[in-house]
Structures are given as structure tokens and as C-alpha cells.
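The structure appears below as C-alpha cells.
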Amino acid sequence: MLKIALLLAILGQIHCLTKTRDEGYGNHYILEARKDVWLEGHSNKDRQWINQLIVGNLRHFPLKRTLIQFEDLPKTDCPADKIIWARMQLHFVAAHRWSIQPVSTQPWLDYTIHIHRVKKYWAENQATAYRASNGNNWAAPYLKLGVDAEAQPECNPTTIYSRERDYDFKGFDVTGAVKSWAEGAHNYGLLLKVVRENIYGRGLRFNDRHHPNTKIRPYLQVLCQA
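Residue numbers (mature numbering (1 follows the signal peptide of the UniProt record, and there is no 0)): -16 to -1, 1 to 210.
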């Protein structure tokens, strides 16, 4: 009886994480974030009291990129050839600037965000711009594309336009990455970066998985052919 109770408890936990519903033309899966952290300099930024993820390049501050990993899609229920699309949803908070600096040095630009499938294990409470985990450095700062993460970004990148409405969800196409995981690639998550990192602007902020409001945490949508 104890074994049965434990099994039911485990299945209940899994069910709470992976949600699915029939959309009439396929099953729609909702996957929660397992871990996330923004990268900025040498210190770890898993700051759960801030509850945000950041990408961008602000004057007088280090570059910012973000790592995020979602739970696995059940392969038996949704193999790679059944995946129609996959979209990451992040709740956009604001294009933030340092208030003591003039707006002219921190313009609100149009930001296209590239997403790369990560190829190396990283620890949420240890990862920095220079290391994936304690004693395990990235091949280059902020991940070396082609080594630490896929060289090519995901297709159909999302652009967040200047003065666009904040405090709303933004969708990002990650179909390629999710199909790769379904085909057997390790799920080490995703790297987010703005395309024009050489231009000073603002830091795009999104709510992270620790946010007390569960309705605005990151999630991954996957539509699978019935």
C-alpha cells in the first residue's frame, strides 16, 4: 500500500507540472520552467526576491543574457514527428533603464531576441556569464555559440518594439529546440540574447519562475498532432 501511495503521489506531482488539453486538432501541452537565471558578469543572478530575467546591454553595466530550462515533453505522447509547434511564453515587465542616466544614453529601441538551444549543463544557483556551474566554465563568456549553445538561433525570432505595451506575455518560437529534445538531444534549456548587443539601450525584463503570481511565470506551449 505504501508503494502504491508513493506512486500516486509522484504521478500527481507530474500531472500538476505537465498540463494538457485536447484542442480538437491536437493536444496542447503546458510545460513549466525548471530553472532560470540571467547572466551578468561574474556573480550569480538567481535572485529570487527580484523575480525577473533580463536581456540587453545598458551603459555602465555588464551585458545581460538569460538561461531558462523547461520540463520535458512526454515523448511517448508527443514524439518529434507529431510536434506541430512549440512556443515559449514570457511575461514582459518593462524595458528598464538606469534612472540617473539621461534617456538619450539609454534609448528604447526595437529589440529582436535570438534564442539558442543550450548544449551544456548549468546550475541555476551557480551559473554566471563565465561559468555554467562551480568548476565548470563556459567555452567563452556568456556561452560560446557552436559549443555551449547551438550556433544557429531558433527560426522566426520575436521582436519587442519600442513603446510596446508592457506587462503582457510575449511568445517565442522554439519549435526546433523542442523537436531536437524529442529526438534525443539533452534538454539543457535555452539561451536568450538581444541581436544588437553592441548598442547600448535598455534591459528587457521578464518575470521568472519564482514570481509569487503563478499566472505570470514562464511556460512552454507545445501543440502535438492527435
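Glycine is no exception: its CB is placed at the ideal position from the N, C-alpha and C atoms.
Pairing Trp92 with Leu51 gives a Cβ-Cβ distance that is not under 8 Å. Gly168 carries a coil assignment under DSSP once its states are collapsed to helix, strand and coil. Under DSSP, Cys139 takes part in no beta bridge, so it has no partner. The DSSP assignment places 159 to 166 as complete runs of the alpha helix (DSSP H) inside the segment 155 to 208, in order along the chain (cut-off: 4 residues).
In the pairwise beta carbon analysis, the segment 18 to 32 is classified as not touching the segment 150 to 165: fewer than three pairs are separated by under 8 Å.
Non-local C-beta neighbours of Cys139 in its own chain, meaning closer than 8 Å and more than five positions away in sequence, comprise Asp157, Thr159 and Gly160, ordered along the chain. When only Cα atoms are considered, Val21 and Tyr95 end up about 20 Å apart.
Taken atom to atom, the span from the alpha-carbon of Asp65 to that of His98 is near 24 Å. For Ser146, the secondary structure class from DSSP, reduced to helix, strand or coil, is coil. DSSP places Val87 within a helical segment (H, G or I) once states are collapsed to three. Pairing Ala113 with Lys128, the inter-Cα distance amounts to about 11 Å.
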